[in-house]
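Take a look at the structure below.
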């Protein structure tokens, strides 16, 4: 099977990485729903017949989706500027089982499927996605369906609104496992209830530099929220990119979760990050400049780069652009570069598979080329 | 079968609580009803005492339309547990337990606690035991309570299997 994403799409980077509301700090907002069909075992215990049926009915339901497209006059909303007329037939169907390992990694790096889904040996693991990748549906992961909507910037309610509509449309065709008292039933009891994970990805380099990250994590935990890294558990240090999401799903509605994260918690974190950035600029300017320009120097002159080095340094370059210290490059281009320097993206972008050493060299070449005009 | 007494296997998919403990995952939607007494305290813990669902519901259900697919178990089974009645009963007993503890009527508190434990309310049982300084929880409750972090199973981690 050929690569599920065209090179121009890889080159352009994920749409949700373009600038959205509060884009200096907030990268993207994501809502994910877990859904299971009634009268059918969860994927871990499904037999071949159930698996085939799940695939068939899901394809049928998805093919009927009528997605709302941005209105012509919508120029400021999170989905404004997207290609209009995204018809259902343009939804891309991806069969995970038939994909090369590298392409599976590509989808994980792009947040279209989970690591678990990529590793799946289930013959019928699949994924639907729109060409702009704001909507994707994992089939046969831990739950029958995992619906996801991602929007750039702080746009959680817009993402929820879109996914709620998609969920309604799918439910019009499929009966979901649901109990009034427990809500949507999921394979893992930790997800039962509204079965929604709402997360906002933030770029918090100043808070990290000021040593205040633990403070943010503790505060989030006190509010039943969790803080993870760019690629989930264990990737906390990568690029100062953190995802704040709800930990519990039972006893609170989707609107309550959305409101808590979007209107109460994230604005506070955003304000804190901005305040620390200002403090660093005004009181520790030389220290901040040193950090930022060392990173820029490494990116402009390195001949070999690991993904970790690239991600960490590009994070500081992004901070430098937002603080007005670095010019000649757009901040979202730096964010896209963080994605493009990941191993699978790099190899697909350059059109060839490479060993680790070759990747490091190619990564340094790519970063040098993209940051050519960046300077202080 | 008395309401709330654990069933060994799910009547639909034959999953057991042991398998849930090992994998952290249930076998099918019917497992929720089959293992409800053991699951309730776990759900309370995972969801910080989250109580009951208050989010969206399928529109077909709201409109009272019948399901398109059969949700009946494959094998002949006992009637499903009435969740509403169980929730009401647990709520009522929690009130009685609190009143008995305030009155320092530990004998009544112990009886009510045992009944709560039998219904799967481990949290209330433990709280009462702590307050009354007693020891003697139901084995069923402890069985349910072990399906968490201490078991080493996936469900315990509470984050590994969740929606990331």
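Protein chains in written order, with the numbering used here: chain A, 54 to 429; chain B, 97 to 260.
For each residue, glycine too, the CB sits at the ideal point set by N, CA and C.
For this session: Pull up the CB-CB distance for residue 86(A) and residue 200(A), whole angstroms please, since I reckon it's below 8 angstroms.
Result: Confirmed, Cβ separation roughly 5 angstroms.
Exercise. Checking contacts by CB at 7 angstroms: is residue 277(A) closer than that to chain B?
Worked result: It does: the Cβ of residue 277(A) has a partner Cβ on chain B nearer than 7 angstroms.
For this session: Note down, in chain order, each residue of its chain lying with its Cβ closer than 6 angstroms to the Cβ of residue 281(A), except the 5 sequence neighbours on either side.
Result: So the list reads 296, once near-sequence residues are dropped.
Exercise. Closer than 7 angstroms, CB to CB, is residue 247(A) near chain B or not?
Worked result: Yes, contact with chain B.
Exercise. Just to confirm, are residue 299(A) and residue 278(A) a CB contact at a threshold of 7 angstroms?
Worked result: Against a cut-off of 7 angstroms, the Cβ pair of residue 278(A) and residue 299(A) comes out as a contact.
Exercise. Residue 88(A) lies in the beta strand (DSSP E); which residues open and close that run?
Worked result: Segment 79-88, the beta strand (DSSP E) holding residue 88(A).
Exercise. What's the gap between the Cα of residue 226(A) and the Cα of residue 354(A)?
Worked result: Between the C-alpha atoms of residue 226(A) and residue 354(A) there is a straight-line separation of about 56 angstroms.
Exercise. How about residue 101(A): is its C-beta nearer than 7 angstroms to some C-beta of chain B?
Worked result: Chain B contact via Cβ: absent.
Problem set entry | Helix, strand or coil at residue 233(A) according to DSSP, with G and I counted as helix | Coil at residue 233(A), not helix or strand.
Exercise. For chain B, is any of its Cβ atoms less than 7 angstroms away from the one on residue 116(A)?
Worked result: No - not a single Cβ of chain B is within 7 angstroms of the one on residue 116(A).
Exercise. Are residue 136(B) and residue 240(A) closer than 7 angstroms when you measure CB to CB?
Worked result: Contact flag unset, no.
Exercise. From 224(A), 425(A), 403(A), 182(A), pick the residue whose C-alpha is nearest to that of residue 352(A); which is it?
Worked result: Selected option, being the one with the closest Cα: 425(A).
Exercise. Which ranges does the alpha helix (DSSP H) cover as unbroken runs of at least 4 residues, wholly within the stretch 257-341 of chain A, from first to last along the chain?
Worked result: As far as the stretch 257-341 of chain A is concerned, its whole alpha helix (DSSP H) runs of at least 4 residues are 258-262, 266-275, 307-312, 319-336.
Exercise. According to DSSP, is residue 204(A) helix, strand or coil?
Worked result: Residue state, collapsed to three classes: strand.
Problem set entry | Cβ-based burial, residue 217(A) [other Cβ within 10 Å; buried from 16] | Buried, because 16 or more other Cβ atoms sit within 10 Å of the Cβ of residue 217(A).
Exercise. So is residue 100(A) buried or exposed if we call it buried at 16+ other beta carbons inside 10 Å?
Worked result: Burial call: exposed.
Exercise. Quick one: does residue 154(B) have its CB under 7 angstroms from some CB of chain A?
Worked result: Output row for residue 154(B): interface = yes.
Exercise. Among 150(B), 108(B), 203(B), 153(B), which one has its Cα closest to the Cα of residue 131(B)?
Worked result: The shortest C-alpha separation from residue 131(B) is found at 108(B).
For this session: Answer yes or no: do residue 431(A) and residue 84(A) have a C-beta to C-beta separation smaller than 7 angstroms?
Result: Only positions 54 to 429 of chain A appear in this structure, which leaves residue 431(A) out of reach.
Exercise. When DSSP builds the beta bridges, which residues end up paired with residue 198(A)?
Worked result: DSSP output for residue 198(A) lists 88(A), 192(A) as bridge partner(s).
For this session: For residue 111(B), name the three-state secondary structure that DSSP assigns.
Result: When DSSP states are grouped into helix, strand and coil, residue 111(B) belongs to the coil group.
Problem set entry | Boundaries (first-last residue) of the beta strand (DSSP E) holding residue 67(A) | Premise fails: residue 67(A) is in no beta strand (DSSP E) and is neither H nor E.
For this session: Determine whether the Cβ of residue 137(B) lies closer than 7 angstroms to any Cβ atom of chain A.
Result: No, residue 137(B) lies away from the interface with chain A (no Cβ there is under 7 angstroms from its Cβ).
Exercise. Do you know offhand how far residue 228(A)'s Cα is from residue 198(A)'s?
Worked result: Separation of residue 228(A) and residue 198(A) (C-alpha to C-alpha, rounded to the nearest whole angstrom) is 12 angstroms.
Exercise. Across which residues does DSSP place residue 181(A) in a beta bridge pair?
Worked result: Beta-bridge partners of residue 181(A) (DSSP): 146(A), 190(A).
Exercise. Taking the Cβ atom as the reference point for each residue, do residue 163(A) and residue 291(A) lie within a distance shorter than 7 angstroms?
Worked result: Going by C-beta atoms, residue 163(A) is not nearer than 7 angstroms to residue 291(A).
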